[in-house]
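**Q** Numbering (the UniProt record's numbering), first residue to last: 74 to 371.
Think of the CB as a built atom: it goes at the ideal place given N, C-alpha and C, for glycine as much as any other residue.
First, the structure itself, so that you have it in front of you.
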Ligand code: GDP
């Protein structure tokens, strides 16, 4: 049989693989471990995580002859094991309104994700209000209004450049008055001036706590998978400026950098609530660790 190619691991067996009746096999030695490590690092898993995954692969298997499917199976089980604990949908609370603050750098997919979330919650029978809290970006406000229309959810806006905290306060009042189940608050994502952003978010939190001391109930950080290892830095930055309770990873469709999700899970252990897999309203999926691990290992 021809050596298996394609996927992350096709290369491993291209030349040196000895073809046997079950397909090519290679002895698991240091050189091969290093090649596997390189492949994992190339998927943006990060060096630390790739080292741990390969160390687990090596455990008790050095010197054994392994086939591609065997290696893939072991690696995919290792990845799934790391991801298992973090695959958790956004928790719903009986609190009305449940306040969800959505944070992330501009371009990460915040607006789109809020639209998709609103649509999913609506489909689940929840009443939802959106607050367009990035009052400085007119384009973001317009986009959010379009998403609100698509999802059938009202979007509260304020004059361009006005205080996002005051909009958040008004949104709390409206959501309370209308008995809404969920209030999704978009926020600014200008990391150029971190101090400003930190103060802006802190003020939003202060103001909504005047209405409900337990809010926000979720602070979701939206990350763009195509930024690879940058996503790790973004988690570190946003954890310093907000009490991040969960992640949504966008643009996992068509990126070879999905490995960064493994690094994130390994390093931070934050829940991954959902993944974005396209630009349409239904393109937000629950995170399935096994499916993800299989797709990553090819
Ligand atoms: P924001 O600046 O963080 O609010 O980002 P947007 O929601 O405006 O998204 C930025 C771009 O990414 C837009 O062109 C979106 O259509 C696109 N986008 C968002 N989520 C996804 C996703 O899951 N997959 C793909 N392929 N594109 C996405």
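1. For residue 137, count neighbouring Cβ atoms within 10 angstroms of its own Cβ and tell me buried if that reaches 16, exposed if not.
2. Can you have a look at residue 237 and say buried or exposed, based on whether 16 or more other CB atoms are within 10 angstroms of its CB?
3. Check the DSSP bridge columns for residue 260 and list the partner residues they point to.
4. Which ranges does the beta strand (DSSP E) cover as unbroken runs of at least 3 residues, wholly within the UniProt domain "AAA+ ATPase" (169 to 316), from first to last along the chain?
5. Which of helix, strand or coil does DSSP assign to residue 160?
6. The beta strand (DSSP E) that contains residue 348, what's its start and end?
7. So, at 7 Å on beta carbons, what are the nonlocal neighbours of residue 151 in its own chain, with the 5 sequence-adjacent residues on each side left out?
8. Taking the continuous alpha helix (DSSP H) assigned at residue 134, which residues delimit it?
9. Could you tell me whether any non-hydrogen atom of the ligand GDP is closer than 7 Å to the CB of residue 213?
10. So what's residue 100 in DSSP terms, helix, strand or just coil?
11. Can you say whether residue 32 is buried or exposed, counting buried as having 16 or more other CB atoms within 10 angstroms of its CB?
12. Beta strand (DSSP E) containing residue 165: first to last residue?
13. In terms of DSSP beta bridges, what is residue 152 paired with?
14. Taking 7 Å as the line, does the beta carbon of residue 330 fall inside it for any heavy atom of the ligand HEM?
**A** On the basis of the data shown:
1. exposed
2. buried
3. Bridge partners of residue 260: none, in fact.
4. 171 to 176, 201 to 204, 255 to 259 and 291 to 297
5. strand
6. 345 to 349
7. 126, 129 and 130
8. Per DSSP, residue 134 belongs to no alpha helix (DSSP H) and is neither H nor E.
9. yes
10. strand
11. Since the first and last residues shown for the chain are 74 and 371, residue 32 lies out of range.
12. Premise fails: residue 165 is in no beta strand (DSSP E) and is neither H nor E.
13. For residue 152, which the question treats as bridged, DSSP gives no partner whatsoever.
14. You won't find the ligand HEM in this model; what it holds is the ligand GDP.
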